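Residue numbers (the numbering used here): 21 to 248. Glycine included, each C-beta is placed from N, C-alpha and C at the ideal position. None of the values given here were measured: they were computed from a predicted structure. Step one of this worksheet: look at the structure below.
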């Protein structure tokens, strides 16, 4: 297998576990590993969609810019996630921003090489379809939150969701295992940093959450879940 493929460790990704050595080597020849420093962009709108990205370490935020110039976060990706997959469905330029929230190790895979492997391996195509379906469901949920819930409720629902995905049981309750700034959280709920900080402080004053070293602990999940 090629050296590049070894660096990217493609076999460790769920998406590629059914590929044989020849297929992995084919992807490896079209793959380039890179490290993107924290808060730098991996791609921005209007750039060519020539590559698919696999996240090896760190976190990446996919966002879109509103008419008022605010970033609205669509999803925060974790190691093992794929992104830039829209390139597989058309040749249109990028529509979103992809920003490293930490120093991120990424494997960039040539779109054409990826397509060749996917055409010959139905499991890859199926998994890509499942990823797209999941992200469409997430987007629909975000739209519903913006339409039907106020900012306080959106924040409570986000905290519960993050706790469900990244939660770690601690003495006080459930600690969200990723660090997010107030700006990050605001962009996830379609609010401003000032409003988000105010509500988080209210939650903390009421004893519903605590914050230690930029990590949020849900002390009273029941109260948060009852917000409507």
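Item, Value
"Pull up the distance between the alpha-carbon of residue 127 and that of residue 112, whole angstroms please.", "21 Å"
"Go ahead and pull the three-state DSSP assignment for residue 74.", "strand"
"Do residue 58 and residue 101 have their C-beta atoms closer together than 9 Å?", "no"
"Locate the beta strand (DSSP E) running through residue 118, then write down its first and last residues.", "117-120"
"Quick one: using the 10 Å Cβ neighbour count with 16 as the cut-off for buried, is residue 38 buried or exposed?", "exposed"
"What is the residue span of the alpha helix (DSSP H) that residue 175 lies within?", "171-186"
"The ligand GTP and residue 233: does any heavy atom of the ligand fall closer than 8 Å to the residue's C-beta?", "Annotation note on the ligand GTP: not contained in the displayed structure, which lists no ligands."
"Where does residue 88 fall in DSSP's three states?", "coil"
"Could you check the C-alpha separation between residue 83 and residue 238 for me, to the nearest Å?", "26 Å"
"Using the three-state DSSP reduction, which class does residue 53 fall into: helix, strand or coil?", "strand"
"What residues in its chain sit with their C-beta under 6 Å from that of residue 174, if we drop five residues either side in the sequence?", "165, 209"
"Since residue 136 is in the alpha helix (DSSP H), which residue starts that stretch and which ends it?", "131-140"
"To which residues of the same chain is residue 190 closer than 8 Å at the C-beta, ignoring the five residues directly before and after it?", "237"
"Sorted by chain position, which residues of the same chain lie with C-beta nearer than 7 Å to residue 25's C-beta, five sequence neighbours on each side aside?", "Low per-residue confidence applies at residue 25: pLDDT is 43, beneath 50, and the placement is therefore not dependable, though the value from the model is reported in the following sentence. Hits under 7 Å: 44, 45, 47, 48, 51."
"Do we get a CB-CB distance below 9 Å when we pair residue 193 with the residues of chain B?", "Among the chains of the structure shown, chain B does not appear; only one protein chain is present."
"Near residue 198, which residues of its chain fall below 6 Å by C-beta distance, leaving aside the five closest residues on each side in sequence?", "186"
"Can you find the residues in the same chain that come closer than 6 Å, C-beta to C-beta, to residue 77, ignoring five residues on each side of it along the sequence?", "99, 125"
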